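Novice: Residues in the sequence shown are numbered consecutively from 235, following my numbering.
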Amino acid sequence: MNFAQLIREIARGSEGATDMPYEEAQLLYGAMLDGGVPDLELGAVAIALRMKGESVDEMRGFLAATNERLFGLKRPAGSTRPVVLPSYNGARKGPNLTPLLALLLRRFHIPVLVHGLIEGFGRVTTAQIFRELGVMPANGLAQAQQMLDDTGLVYVPLSVISSGLSVQLALRSRLGLRNSAHSLVKMIDPFKGESLLITAATHPEYIDNMREVLRSVGTRTLLSRATEGEPFANPKRRPRIEYLHDGECELLFEAEHDSLKTLPHLPDASDAKTTADWIRRVLAGAVAVPPPIANQLACALYATGYADDFNQAKAIVAVDGFGLALA
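#1: According to DSSP, which residues form a beta bridge with P391?
#2: Please report whether the beta-carbon of V401 lies at a distance below 9 Å from any beta-carbon of chain C.
#3: Is it true that the CB of A534 sits closer than 9 Å to the CB of L568?
#4: Taking 8 Å as the cut-off, does the stretch 289–300 touch the stretch 425–440 (at least 3 CB pairs, one atom from each stretch)?
#5: Do the stretch 357–368 and the stretch 475–495 touch if we need at least three Cβ pairs shorter than 8 Å?
#6: Determine the closest residue to L339 out of F466, S417, T453 and R472, with distance taken between C-alpha atoms.
#7: Do V516 and L334 come within 9 Å of each other at the CB atom, strictly closer than that value?
#8: What ranges does the alpha helix (DSSP H) occupy inside the stretch 305–375, keeping only unbroken runs of at least 4 residues that lie completely in it?
#9: List the endpoints of the continuous alpha helix (DSSP H) containing H416.
#10: Helix, strand or coil for R246, going by three-state DSSP, please let me know.
#11: Please state whether the Cβ-Cβ distance between P469 and I527 is less than 9 Å.
#12: Could you have a look at I281 and say whether DSSP puts it in helix, strand or coil?
#13: Give me whichever residues DSSP pairs with E275 in a beta bridge.
#14: Which residue comes first and which comes last in the alpha helix (DSSP H) that contains A547?
#15: Could you tell me which residues DSSP pairs with A435 in its beta bridges?
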């Protein structure tokens with residue numbers, strides 16, 4: 235591949251740059267994941283794509299190259315469709331409730347795989363909260379599969395399922411900018427099409443891009459606006475929740491534009507221990523699940539096939555004592 239020629243095409247800024255076709259994007263990202271792009275050219279490509287913005291075809295090609303090299307897990311026998319939760323941002327302003335969503339899903343015997351980073355760089359990560367809850371990260375693929383089969387819940391560091399993507403993600407510390415890997419980690423499926431992906435993005439343009447990419451590759455997805463970059467629904471204001479499946483986009487919940495009249499009881503602080511203690515209280519029934527997360531849980535019961543239809547999913551959540559404002 236002629237990297238100099240490619241960089242000339244994509245590095246002309248948002249107005250003059252040319253998008254790569256799907257096949258070229260797939261070839262390029264495969265080389266990047268395999269360590270086949272020299273450091274100078276790799277940095278130039280990463281910055282050029284950041285300035286230009288990735289097209290849908292480019293992201294489709296990048297995702298195809300990533301999936302070809304992704305270490306997969308098997309869907310537990312006899313289970314509903316497993317859920318994949320990508321957790322890469324952590325939280326700083328409020329509590330990180332991705333672990334709560336995962337544990338609520340497991341309560342319904344839905345297998346859950348959470349993948350992400352251990353280090354939060356000043357933010358509270360899902361891995362840190364899980365550690366307080368006694369859920370330790372898998373240190374290899376075999377252990378991840380065993381934990382999933384035995385307990386129905388596993389936290390997997392990105393390096394276990396994609397060392398190449400982990401290296402790409404780490405470029406941010408050297409370049410000071412996010413790159414394509416930051417979007418790709420939120421769209422990978424270690425179950426190779428057998429899962430429900432619950433994912434989110436913060437900015438509308440990224441949500442639009444993810445919607446088109448995920449629809450084109452056929453990934454079953456619950457897509458919404460992220461909470462500080464995490465996939466759980468904002469506990470104070472429910473986001474729009476879409477269900478992508480079979481090439482369709484089904485709107486399950488409209489976004490709430492006003493804050494809740496009665497705010498949910500949330501942890502007093504957002505550190506890992508305080509958040510974990512609060513999650514224990516929720517699971518024990520001492521504290522109510524915030525309504526937006528109850529809404530998101532109902533969406534997942536429907537999309538995994540646990541419930542026959544969406545109305546039944548909402549009723550199941552309500553009967554279990556989680557349901558607040560599920561209309």
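All C-beta atoms, glycine included, are put in the ideal place defined by N, C-alpha and C.
Since this is a predicted model, take the numbers as computed values, not measurements.
Specialist: Straight from the coordinates:
#1: Your numbering for residue 391 matches position 157 in the sequence shown. Residue pairing by DSSP places P391 opposite G350 in a beta bridge.
#2: Looking at the structure shown, chain C is missing, and only one protein chain is on hand.
#3: With the chain covering 235 to 561 only, the question about residue 568 has no answer from this structure.
#4: No, the stretch 425–440 does not touch the stretch 289–300.
#5: Short answer: they don't touch.
#6: On the sequence shown, position 105 is the one that residue 339 refers to. Comparing Cα-Cα distances from L339 to each of F466, S417, T453 and R472, the minimum goes to F466.
#7: Numbered from its first residue, the sequence shown carries residue 334 at position 100. Numbered from its first residue, the sequence shown carries residue 516 at position 282. Taking C-beta atoms as the reference points, L334 and V516 count as a pair closer than 9 Å.
#8: Those alpha helix (DSSP H) runs which fall completely within the stretch 305–375 and span 4+ residues are 332–341 and 360–366.
#9: Locating residue 416 in the sequence shown gives position 182, where the first residue counts as 1. Start and end: A415 to L418.
#10: On the sequence shown, position 12 is the one that residue 246 refers to. Of the three classes helix, strand and coil, the one that applies to R246 here is coil, per DSSP.
#11: Position 235 of the sequence shown, counting from 1, holds the residue named residue 469. Position 293 of the sequence shown, counting from 1, holds the residue named residue 527. Yes, these two residues count as a Cβ contact at 9 Å.
#12: Numbered from its first residue, the sequence shown carries residue 281 at position 47. The answer is helix: DSSP assigns I281 an H, G or I state.
#13: Along the sequence shown, read from residue 1 onward, the residue named residue 275 stands at position 41. E275 is bridged by DSSP to nothing; it lacks a bridge partner.
#14: Taking the first residue of the sequence shown as position 1, residue 547 is located at position 313. Residues F544 to V553.
#15: Sequence index remark: in the sequence shown, residue 435 carries index 201 (1-based). In DSSP, A435 forms a bridge with R459.
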